[in-house]
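Engineer: Structure incoming, see below.
In our numbering, the protein residues as written are 177 to 928.
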């Protein structure tokens with residue numbers, strides 16, 4: 177239940193058993209059907225309702241998950257508000273604990289958990305919903321849910337009938353249907369709706385509960401609250417659910433009035449927990465999910481002085497033993513790699529991504545045979561020398577930047593951190609995590625500079641910790657880890673794999689192949705195979721390249737994230753090499769090279785040259801939060817990627833025109849003051865700042881430009897100091913990549 181409801185919302189939950197007539201225990205076949213229904217005799221176990229209550233994260237280390245390391249809940253419950261979407265992507269606290277749904281979804285230990293959202297509408301929100309004023313928020317929420325690629329239950333206007341909610345029945349029903357209709361239009365297939373009653377003897381203005389019912393076609397589950405161990409009170413609600421053929425979720429439950437830390441374990445178990453579990457089992461054919469609120473109520477301002485107590489099971493060791501024994505029984509469903517597949521309709525909810533471009537681009541399927549680039553001529557331009565800097569100056573700067581990033585001050589300069597005798601990671605200092613992007617950049621920098629020890633250390637860390645061994649994910653690398661190796665997100669970011677493969681081929685050429693994971697060429701080919709053929713062995717993941725368009729996808733899963741792309745991920749100059757060096761699929765990689773060049777034509781704005789962070793397959797910007805449609809951090813790299821393809825292959829004259837447009841746009845902003853965040857038409861988007869990373873990328877873009885102003889961008893790059901401190905990771909790595917390219921030291925090494 178959302179925390180903005182007045183503090184007296186639950187004050188009436190201790191009810192008399194005479195409030196509803198007692199009904200018989202249900203027959204074994206209750207006849208209920210619903211989306212994401214667990215198998216017969218199984219109950220999905222859920223924990224909520226705030227980040228401290230759930231735990232399992234560095235910032236929240238003392239929650240339920242920390243006390244139950246072997247049994248992560250099958251579902252996690254949080255509440256957010258539709259009118260401001262607080263608690264969806266950023267941490268919010270309305271007096272009842274921190275809420276951040278995105279934070280939960282980003283944790284690798286919760287990758288196999290369903291999500292339960294209590295969606296607060298507000299009495300004044302009903303009219304806004306029904307007038308269309310909140311359509312943007314509904315669509316944002318729907319898109320976010322769709323992107324999670326997991327079952328999501330939404331309790332729309334939870335506790336709809338509570339006397340303090342203020343939801344009038346008719347506008348509530350209209351609002352519910354409006355939300356569901358928009359979700360359906362958006363193809364949010366991984367959502368199930370829960371019609372959650374407060375199950376009190378009173379309702380708002382005395383209305384019958386069915387006055388709020390949106391209809392069987394709009395409701396998947398019934399929901400109820402359980403705070404008192406008096407099961408006969410709830411029989412009427414369960415009977416109503418069965419009449420409509422709907423399963424019931426106990427959407428919130430806790431032993432109100434007990435401080436479990438001060439309670440006798442035997443007494444509180446007999447008084448509340450045993451009746452609670454007995455009630456669920458007595459109605460197990462109807463009650464198919466149960467959420468326990470593992471909360472220190474009295475410490476939260478919203479609930480203080482209301483005698484809610486403390487329902488955290490982990491604070492009473494004896495009680496926790498009983499709890500573990502109960503939750504260890506076979507009828508409870510916890511998180512596991514198999515969980516989603518046993519929930520009814522999950523597989524059917526998975527969309528087959530349909531790209532906007534429905535046919536393969538009309539491009540060649542063979543590698544480029546001629547061009548002006550270094551692959552054909554062997555000439556890698558040294559733009560820094562052409563700009564007037566001496567060989568000694570250039571070498572000194574390369575050495576200085578290398579030593580700073582790899583062996584500089586621990587606290588302010590370096591991003592390379594050795595682990596033991598044979599491993600190392602590249603640290604995103606600002607986020608305190610390790611990313612496949614940075615690891616692959618580190619490997620590429622090392623192989624270009626002939627630094628085998630550093631290369632092998634980074635590769636071994638990536639192969640040890642980031643490489644998936646689970647059959648559904650095997651062969652892909654998770655994009656985000658903690659520095660101690662803990663996986664923070666199961667998903668893969670294909671730019672990491674793209675740079676890994678190419679760096680491994682170069683390593684094979686420079687140093688020869690070793691054994692095991694150091695058989696570089698074998699590792700590169702194995703990864704290329706998975707990048708195209710993963711769907712043959714996994715029901716959870718797509719290929720990293722769309723099979724129709726050949727475009728690299730943003731994230732290879734069966735959610736929406738595989739139906740669009742990131743223009744900066746496109747690397748036709750690498751695909752050209754794979755088309756020649758890979759053991760198979762050579763025609764596909766050749767096609768992908770030509771298709772990516774063609775895609776850039778569509779994604780780049782015809783006047784500014786700006787590309788968005790994310791784009792649909794037709795090149796149009798893809799809205800995602802407050803950055804997807806904009807030219808920002810990912811998109812900074814597009815100028816570099818276009819230039820690399822031009823320098824290495826030089827088969828598309830448009831690329832010079834494109835980078836001329838890009839540099840003109842930034843020159844018009846002022847070479848010494850242009851900022852970093854724009855719509856692709858050039859409209860600035862706050863917040864704005866200067867970035868060394870963009871300065872570096874524009875300098876590389878100048879390598880594939882013809883306008884004389886390109887030399888000004890190169891000089892600005894040379895004069896720019898490295899970042900120190902918090903923001904040294906991304907910007908400084910881009911600076912190092914740019915330095916190697918501008919000096920002619922970023923070269924192709926062909927394996928034998």
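Each residue gets a CB set at the ideal place from its N, CA and C atoms; glycine is no exception. On a predicted model such as this, the values are computed, not experimentally measured, just so you know.
1) Throw me the rounded Cβ distance for the residue 732 and residue 739 pair, which I believe falls under 8 Å.
2) Consider the C-beta atom of residue 518 and the heavy atoms of the ligand ADP; say whether any pair is separated by less than 7 Å.
3) Ends of the alpha helix (DSSP H) at residue 372?
4) Nearest to residue 242 by CA position, among 680, 855, 496, is which residue?
5) Does the beta-carbon distance from residue 665 to residue 655 come in below 8 Å?
6) Report yes or no: do three or more beta-carbon pairs, one from the region 801–816 and one from the region 862–878, lie closer than 8 Å?
7) With three or more C-beta pairs closer than 8 Å as the rule, is the region 436–455 touching the region 220–227?
8) For the pair the region 455–474 and the region 410–419, tell me if three or more CB-CB distances fall below 8 Å.
9) Using the Cα positions of residue 696 and residue 681, report the straight-line distance between them to the nearest angstrom.
10) Quick one: residues in its chain with C-beta nearer than 8 Å to the C-beta of residue 534, no 5 flanking neighbours on either side, listed in chain order?
11) Considering residue 775, what are the terminal residues of the alpha helix (DSSP H) in which it resides?
12) Name the one or two DSSP bridge partners that residue 318 has.
13) Can you say whether residue 756 is buried or exposed, counting buried as having 16 or more other CB atoms within 10 angstroms of its CB?
14) Would you mind reading off the limits of the beta strand (DSSP E) that contains residue 252?
15) Please report how far the alpha carbon of residue 860 lies from the alpha carbon of residue 839, in whole angstroms.
16) Any idea what DSSP makes of residue 861, helix, strand or coil?
17) Within a Cβ cutoff of 7 Å, which residues of the same chain sit near residue 476, ignoring the five residues on either side of it in sequence?
18) Tell me whether the beta-carbon of residue 369 lies closer than 8 Å to the beta-carbon of residue 395.
19) Can at least three beta-carbon pairs, one atom from the region 746–754 and one from the region 842–849, be found at a separation below 8 Å?
20) Decide yes or no for the touch test of the region 773–786 against the region 794–810: beta carbon pairs closer than 8 Å, at least 3 of them.
21) In three-state terms, what does DSSP make of residue 876?
22) Where does residue 560 land, buried or exposed, given buried means 16+ other C-beta within 10 angstroms?
23) Give a yes or no on contact between the region 587–600 and the region 629–644, applying the rule of three or more CB pairs nearer than 8 Å.
24) Tell me which residue opens and which closes the alpha helix (DSSP H) that residue 617 is part of.
25) In its own chain, which residues sit with a C-beta less than 7 Å from the C-beta of residue 903, not counting the 5 before and 5 after it?
26) Could you tell me the distance, in whole angstroms, from the CA atom of residue 831 to the CA atom of residue 779?
27) For residue 924, which of helix, strand or coil comes out of DSSP?
28) Would you mind reading off the limits of the beta strand (DSSP E) that contains residue 221?
29) To the nearest angstrom, report how far apart residue 454 and residue 448 are at their CA atoms.
30) For residue 704 versus residue 652, is the C-beta spacing smaller than 8 Å?
31) Considering just the uninterrupted stretch of the alpha helix (DSSP H) at residue 690, what are its terminal residues?
32) Can you tell me whether DSSP reads residue 215 as helix, strand or coil?
33) What does the Cβ neighbour count give for residue 624, buried or exposed, with the cut at 16 atoms within 10 Å?
34) In angstroms with no decimal places, state the Cα-to-Cα distance between residue 587 and residue 900.
35) Compute the distance between the beta-carbons of residue 727 and residue 772, then report whether it is under 8 Å.
36) At 4 residues or longer, what runs of the alpha helix (DSSP H) sit wholly inside the region 368–418?
Structural biologist: Reading from the atomic positions:
1) Walking along the chain shown from the start, residue 732 turns up at place 556. Walking along the chain shown from the start, residue 739 turns up at place 563. Between residue 739 and residue 732 the Cβ distance is about 11 Å, and since that is not below 8 Å, they are no contact.
2) Annotation note on the ligand ADP: not contained in the displayed structure, which lists no ligands.
3) One-based indexing of the chain shown puts residue 372 at position 196. Segment 367–372 is the beta strand (DSSP E) holding residue 372; no alpha helix (DSSP H) there.
4) As a first step, residue 242 is located in the chain shown; it is residue number 66 there, counting from the start. Per the Cα distances, 496.
5) What you label residue 665 is simply residue 489 of the chain shown in a count that begins at 1. What you label residue 655 is simply residue 479 of the chain shown in a count that begins at 1. The answer is yes: Cβ separation under 8 Å.
6) yes
7) no
8) The answer is yes - the region 410–419 touches the region 455–474, with three or more Cβ pairs under 8 Å.
9) For this step, residue 696 is matched to residue 520 along the chain shown. For this step, residue 681 is matched to residue 505 along the chain shown. Each residue's alpha carbon lies about 6 Å from the other.
10) Within the chain shown, numbered from 1, the residue matching residue 534 stands at position 358. Low confidence applies to residue 534: its pLDDT is 47, below 50, so where it sits in the model is not reliable enough to give any reading.
11) Stepping through the chain shown from its first residue, residue 775 is reached at position 599. First-last of the alpha helix (DSSP H) with residue 775: 762–779.
12) As a first step, residue 318 is located in the chain shown; it is residue number 142 there, counting from the start. In the DSSP output, where bridge partners are listed per residue, residue 318 has none listed.
13) Numbered from 1 along the chain shown, position 580 holds the residue referred to as residue 756. Sixteen is the threshold: since fewer than 16 other Cβ atoms of the shown chains lie within 10 Å of the Cβ of residue 756, the residue is exposed.
14) In the chain shown, the residue the question calls residue 252 occupies position 76. In this chain, the beta strand (DSSP E) harbouring residue 252 covers 251–257.
15) For the purposes of this step, residue 860 is taken as the residue at position 684 of the chain shown. For the purposes of this step, residue 839 is taken as the residue at position 663 of the chain shown. Their Cα atoms are separated by approximately 16 Å.
16) Along the chain shown, read from residue 1 onward, the residue named residue 861 stands at position 685. In this structure, residue 861 counts as coil in the three-state DSSP scheme.
17) Taking the first residue of the chain shown as position 1, residue 476 is located at position 300. Within the same chain, residue 476 has close Cβ partners 271, 272, 273.
18) The sequence position of residue 369 within the chain shown is 193, counting from 1. The sequence position of residue 395 within the chain shown is 219, counting from 1. Yes, the Cβ-Cβ distance between residue 369 and residue 395 is below 8 Å.
19) no
20) yes
21) Numbered from its first residue, the chain shown carries residue 876 at position 700. Residue 876 falls in the helix class under three-state DSSP.
22) For the purposes of this step, residue 560 is identified with residue 384 of the chain shown, where counting begins at 1. Counting Cβ neighbours within 10 Å, residue 560 comes out buried, since at least 16 surround it.
23) yes
24) Position 441 of the chain shown, counted from the start, is the residue given in the question as residue 617. 612–624 is the extent of the alpha helix (DSSP H) around residue 617.
25) Working through the chain shown from its first residue, we reach residue 903 at position 727. Closer than 7 Å at the Cβ level, and outside the excluded window around residue 903, lie 606.
26) Here residue 831 corresponds to residue number 655 of the chain shown, with the count starting at 1. Here residue 779 corresponds to residue number 603 of the chain shown, with the count starting at 1. Approximately 13 Å between the Cα atoms of the pair.
27) As a first step, residue 924 must be located in the chain shown, where it is residue number 748. Residue 924: coil per DSSP, three-state reduction.
28) Locating residue 221 in the chain shown gives position 45, counting from the first residue. Its beta strand (DSSP E) spans residues 219–224.
29) Taking the first residue of the chain shown as 1, we reach residue 454 at position 278. Taking the first residue of the chain shown as 1, we reach residue 448 at position 272. Their Cα atoms are separated by approximately 10 Å.
30) For the purposes of this step, residue 704 is identified with residue 528 of the chain shown, where counting begins at 1. For the purposes of this step, residue 652 is identified with residue 476 of the chain shown, where counting begins at 1. Not a contact, by the Cβ cut-off of 8 Å.
31) The residue given as residue 690 occupies position 514 in the chain shown. Element bounds for residue 690: n/a, residue is neither H nor E.
32) One-based indexing of the chain shown puts residue 215 at position 39. Note: residue 215 maps to coil in three-state DSSP.
33) As a working note, residue 624 is residue 448 in the chain shown. Buried, by the Cβ-count rule.
34) Position 411 of the chain shown holds residue 587. Position 724 of the chain shown holds residue 900. Rounded to whole angstroms, residue 587 to residue 900 spans 9 Å at the Cα level.
35) By 1-based counting over the chain shown, the position of residue 727 is 551. By 1-based counting over the chain shown, the position of residue 772 is 596. Yes, the pair counts as a contact, with Cβ atoms nearer than the cut-off.
36) none
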